[in-house]
Amino acid sequence: MRYFWVCTLALLGTFSNLTAQQPKKQSSTEIYHNLQKLNFLGTALYVAAHPDDENTRLISYLSNHDKAHTVYLSMTRGDGGQNLIGSELRELLGVLRTEELLAARRIDGGEQRFTRANDFGYSKHPKETLKIWDKEEVLGDVIWAIRNIKPDVIINRFDHRSPGSTHGHHTSSAMLSMEAFDMANDPNAYPNQLELTSTWQPKRIFFNTSWWFYGSPENFEKADKSNMIKMDIGSYYPLLGLSNNEIASLASSQHLCQGFGRLSQRGSEDEYVEFLKGEKPSNNYLFDGINTSWSRVEGSDAVGAILYEVEKNFDFRNPSKHVPQLIEAYQLLQQIEDEHWKTLKSKELKDIIQACAGLYLEANAASASTTPGSETKVNFEVLNRSTQKIVLKKIQLVDADATLSPNEVLANNEKKNFEINLTVPNDIGYSSPYWLNEPGTLGMYKVDDQTLIGKPETPAVFHTKFSLDFDGTVMEFEKPVIHRFSKPDKGELFEPFAVLPVATSKIDEKVLIFADAATKDVQVKVRAGKNNVSGTVALDHPAGWKVSPQNFSFSIPQQGQEQTITFKVTPPSIESEGKISPIITVGNNTYQKELVEINYDHIPKQSILLSSEAKVVRMDIRKSGEHIGYIMGAGDKVPESLEQIGYQVHTIDPNDIQEGELDKYDAIVVGIRAYNVVDALKFKQPILFNYVKNGGNMIVQYNTAGRWADQFKNIAPYDLTISRDRVTDEAAQVDIIAPSNALVSYPNAIKESDFDGWVQERGLYYPSEWSAEFTPVLSMHDEDDEPSKGSLLVAPYGEGHYIYTGLSFFRELPAGVSGAYKLFANMLSIGKDDVKKESNVKG
Numbered sequence: 035m036r037y038f039w040v041c042t043l044a045l046l047g048t049f050s051n052l053t054a055q056q057p058k059k060q061s062s063t064e065i066y067h068n069l070q071k072l073n074f075l076g077t078a079l080y081v082a083a084h085p086d087d088e089n090t091r092l093i094s095y096l097s098n099h100d101k102a103h104t105v106y107l108s109m110t111r112g113d114g115g116q117n118l119i120g121s122e123l124r125e126l127l128g129v130l131r132t133e134e135l136l137a138a139r140r141i142d143g144g145e146q147r148f149t150r151a152n153d154f155g156y157s158k159h160p161k162e163t164l165k166i167w168d169k170e171e172v173l174g175d176v177i178w179a180i181r182n183i184k185p186d187v188i189i190n191r192f193d194h195r196s197p198g199s200t201h202g203h204h205t206s207s208a209m210l211s212m213e214a215f216d217m218a219n220d221p222n223a224y225p226n227q228l229e230l231t232s233t234w235q236p237k238r239i240f241f242n243t244s245w246w247f248y249g250s251p252e253n254f255e256k257a258d259k260s261n262m263i264k265m266d267i268g269s270y271y272p273l274l275g276l277s278n279n280e281i282a283s284l285a286s287s288q289h290l291c292q293g294f295g296r297l298s299q300r301g302s303e304d305e306y307v308e309f310l311k312g313e314k315p316s317n318n319y320l321f322d323g324i325n326t327s328w329s330r331v332e333g334s335d336a337v338g339a340i341l342y343e344v345e346k347n348f349d350f351r352n353p354s355k356h357v358p359q360l361i362e363a364y365q366l367l368q369q370i371e372d373e374h375w376k377t378l379k380s381k382e383l384k385d386i387i388q389a390c391a392g393l394y395l396e397a398n399a400a401s402a403s404t405t406p407g408s409e410t411k412v413n414f415e416v417l418n419r420s421t422q423k424i425v426l427k428k429i430q431l432v433d434a435d436a437t438l439s440p441n442e443v444l445a446n447n448e449k450k451n452f453e454i455n456l457t458v459p460n461d462i463g464y465s466s467p468y469w470l471n472e473p474g475t476l477g478m479y480k481v482d483d484q485t486l487i488g489k490p491e492t493p494a495v496f497h498t499k500f501s502l503d504f505d506g507t508v509m510e511f512e513k514p515v516i517h518r519f520s521k522p523d524k525g526e527l528f529e530p531f532a533v534l535p536v537a538t539s540k541i542d543e544k545v546l547i548f549a550d551a552a553t554k555d556v557q558v559k560v561r562a563g564k565n566n567v568s569g570t571v572a573l574d575h576p577a578g579w580k581v582s583p584q585n586f587s588f589s590i591p592q593q594g595q596e597q598t599i600t601f602k603v604t605p606p607s608i609e610s611e612g613k614i615s616p617i618i619t620v621g622n623n624t625y626q627k628e629l630v631e632i633n634y635d636h637i638p639k640q641s642i643l644l645s646s647e648a649k650v651v652r653m654d655i656r657k658s659g660e661h662i663g664y665i666m667g668a669g670d671k672v673p674e675s676l677e678q679i680g681y682q683v684h685t686i687d688p689n690d691i692q693e694g695e696l697d698k699y700d701a702i703v704v705g706i707r708a709y710n711v712v713d714a715l716k717f718k719q720p721i722l723f724n725y726v727k728n729g730g731n732m733i734v735q736y737n738t739a740g741r742w743a744d745q746f747k748n749i750a751p752y753d754l755t756i757s758r759d760r761v762t763d764e765a766a767q768v769d770i771i772a773p774s775n776a777l778v779s780y781p782n783a784i785k786e787s788d789f790d791g792w793v794q795e796r797g798l799y800y801p802s803e804w805s806a807e808f809t810p811v812l813s814m815h816d817e818d819d820e821p822s823k824g825s826l827l828v829a830p831y832g833e834g835h836y837i838y839t840g841l842s843f844f845r846e847l848p849a850g851v852s853g854a855y856k857l858f859a860n861m862l863s864i865g866k867d868d869v870k871k872e873s874n875v876k877g
């Protein structure tokens, strides 16, 4: 049984997630499956807003059942969400989620594309979304995708007709798709694109509906389905040894940072799409009336005749016998004039030829990374595991002046090894996500190169072209240069080969809070991108701030090694904020980038270059208490932020909470979504409430409504109903409705200006109802919404205080928002006698 599953998962490509960049090794059944796809000339485009929005069941069905070229267009890379497996947020989370989408596509058989839209966080209405996104640019990106992919069928995940009923990004994705459906074939729309592509008119567009959009399964059962197509997406694929919904489960489980790992599903399952526009199909088939055979391409009848014959008589025991026929089909394919189908099908056909011949082609760099101007060794392995006559004519490193001409016969199963000493050009680009190379806006990434827009990743810096002669026909197979190595505890591993700067720097603490005028040590880590790097590092800083010394010399002998340098930073006596940035000088060159590596087992290792900097904030902040107990929830950086202003934060394991053990803390803070993800809390509520009753201060941050066990219906000592209410506009007006309350009066006087500079949102999952014991402190609302007073509630309980807040402190504190720090310090200080005394003395 274990062998069966290992083979099946390998067939689906999931092993390539664990050993990223590993060359494909297809079995006969997978070759045949791909041959069936080669002989289907139809394309489907699935459109939604975020990673995890895609319906992997339908994408897998279109790719594996219908055999269509299937592409998922996600408007964003999911930058605005949260991360359940690590610390990456914002643009780094976008990189992680991009790779998880690619991991999912490697399993369900689809491809992945994006627009330049930035996931700025939750949006209530498309009006808000399209104001923050540049609508014209994102619409142009959707049209660009349609013109390049040339889909026959488009399927929207969301309904364009229901603005305000779901996430604004969701509805916007459907609205833009509908608009692009009509404009992609208009030569007057985005005419500059037509220098690189051509107009295209899809045949039809659908909405992927379900009972969810009707409110309940019962309502959907009663709905008029005359305009819908129903598909059973539970199909079983004997060739793959899996059903469609099992493949879909494996694909969606790649979204690990969103907690989407789940059990596989089997059995019949209906999926519906509603016809919206175009040529309506006359039956239950999405491609009804669309020519999906080779005859749709002028001049390709001979190509089709060969490939249909190979499919009909495919030899599973010896696929290599078909290589001569496949080579002949490839030659004929190069003669057709339709560039779209010629390019797409040539790539598919070359992959099948390589698999049938058992060709192993690898370009393996001796190290994981290099730098411009350096030399590195690249090893090549070439192996023909068939009896076909194949001659290796040439090996060429693209983007480098490096070529070998072996002109050697590749005998059956006799490995050939070669090597080239690669000199990296000085002007070559770095390996980093292309959409992060230039500063963008809240809603958009900046990408000027039209050919890059929509691509999921930055193309590999170095590729290798292997020129092979198949009995008189020369074909080129292109492979990225990778780094292959092994670890004793993991075995053979593959990762991308990266080009990085000679030196990078990093300040671990991205926000440095100076609560007074005292000098702080700031550590800068300098990392060498090659052996024997020497130079100096200085610290650029805002006016009014002082840094000592002006610069440090460093010398690092080995590539990848770091040296830590400590600067003394003194803030001004008045409130101030700005950025500090290390500047490294090596010879005549300066470097100001930080290298961030993302390395999880289910995705390829990622090297990201960001501006090396940290925010510095000088604020006058007063507080009381010293020891804070923190119960972690889904993960946040609030504890580190509180330590910045002088608190000692102690992480509490909920399993260890005992009666009386909490009395030593000045306050207990419960992390975000703790009641959603920490089961042990259901046994500890009475102890926590007793702590408050005996004079403690308990702060509970936001939890997701309706996603906890029955024991958590009352997460407060009084009645409190959590809703889905939120304020998504980070600049929304905030009114202080209880100005004399301690939370906004001492030790720090909170003003409306303290809510300036908040990021992504005001808050989320505010209570909608609460008992009379609670005092609402703030009122705020998004445009066109009624005022919400549930963002910050406080109630006395016994001798202590219970506070519930949906304000997004987990975003604001790590971002260095000074007003958020002052408000949180007040929350921690409420009820403390020393605060009152100090306030009276200093007042």
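Residue numbers (our numbering): 35 to 877.
Note that CB positions come from ideal geometry on N, CA and C, so glycine has one too.
Asked                                                                                                                            : Found
Enclosing beta strand (DSSP E) for glutamate 529 [first to last residue]                                                         : 525-530
For methionine 212, the three-state DSSP class (helix, strand or coil)                                                           : helix
Reference histidine 815, options Leu228, Pro773 and Thr762, closest by Cα                                                        : Thr762
Beta-carbon spacing of threonine 410, alanine 397 below 8 Å                                                                      : no
Beta-ladder partner(s) of serine 813, from DSSP                                                                                  : Asp769
Buried or exposed by the 16-neighbour rule on C-beta atoms within 10 Å, applied to alanine 714                                   : exposed
Nonlocal neighbours in the same chain, by C-beta distance under 6 Å from leucine 857, ignoring five residues either side         : Ile784
Where the beta strand (DSSP E) containing lysine 521 begins and where it ends                                                    : 516-521
Sequence-distant residues of its chain with Cβ nearer than 7 Å to tyrosine 920 (five each side left out)                         : Examination of residue 920 is not possible in this model, given that the chain is present from 35 through 877 alone.
Secondary structure of histidine 203, DSSP reduced to three states                                                               : helix
Residues of its chain near asparagine 689, where Cβ-Cβ distance is below 8 Å and the 5 sequence neighbours each way are ignored  : Ala714
Element boundaries [alpha helix (DSSP H), containing histidine 84]                                                               : Where histidine 84 is concerned, there is no enclosing alpha helix (DSSP H), given that its DSSP letter is neither H nor E.
Nearest-angstrom Cβ-Cβ length linking arginine 147 and proline 591, presumed shorter than 8 Å                                    : Arginine 147 to proline 591, Cβ: 44 Å. No contact.
Separation of tyrosine 634 from serine 873, as counted between CA atoms                                                          : Residue confidence is low: serine 873 scores 34 on pLDDT, short of 50, so the model does not pin down where it sits. Its coordinate-derived value is still stated next. Those two C-alpha atoms are separated by around 50 Å.
Exposure of valine 443, with buried meaning 16 or more beta-carbon neighbours within 10 Å                                        : exposed
Exposed unless 16 or more other CB atoms sit within 10 angstroms - verdict on glutamate 229                                      : exposed
Anticipated Cβ contact below 8 Å, glutamate 371 with glutamate 308, distance rounded                                             : Not a contact, Cβ separation roughly 37 Å.
Isoleucine 166 vs glycine 474 beta-carbon contact at 8 Å                                                                         : no
DSSP three-state assignment for leucine 123, whether helix, strand or coil                                                       : coil
Option in Lys649, His636, Pro185 and Leu438 with minimal Cα separation from lysine 540                                           : Lys649
Straight-line Cα distance separating leucine 827 from glycine 663                                                                : 20 Å
Per-residue burial, leucine 126 [other beta carbons within 10 Å of its own, 16 or more giving buried]                            : buried
Beta-carbon spacing of serine 211, valine 105 below 8 Å                                                                          : no
The stretch 299-316 in contact with the stretch 230-249 per 3-pair CB rule at 8 Å                                                : yes
Between the CA atoms of glycine 202 and glutamate 162 - distance to the nearest angstrom                                         : 7 Å
Cβ-based neighbour list, lysine 499, same chain, cut-off 7 Å, excluding 5 preceding and 5 following                              : Gln430, Val432, Glu510 and Glu512
As assigned by DSSP and simplified to three states, the class of glycine 797                                                     : strand
Selected residue, minimal CA-CA separation from asparagine 822, among Pro781, Glu280, Ala701 and Arg760                          : For clarity, residue 822 is serine in the given sequence; the question names asparagine instead. Of the listed residues, the one whose Cα sits closest to serine 822 is Arg760.
Chain-order list of residues whose beta-carbon lies under 6 Å from that of valine 556 (same chain, five-residue window excluded) : Phe601 and Val603
Beta-carbon spacing of proline 616, alanine 551 below 8 Å                                                                        : no
CB of valine 129 within 8 Å of CB of glutamine 794, strictly                                                                     : no
Spatial distance of leucine 546 from aspartate 697 (CA atoms)                                                                    : 30 Å
Span separating the alpha-carbon of methionine 209 from that of phenylalanine 843                                                : 33 Å
Sequence-distant residues of the same chain with beta carbon closer than 7 Å to asparagine 566, five excluded per side           : Pro591
N- and C-terminal bounds of the alpha helix (DSSP H) containing threonine 570                                                    : No alpha helix (DSSP H) contains threonine 570, which is instead part of the beta strand (DSSP E) from 567-574.
Classification of glycine 249 by the beta-carbon crowding that lies within 10 angstroms, buried from 16 upward                   : exposed
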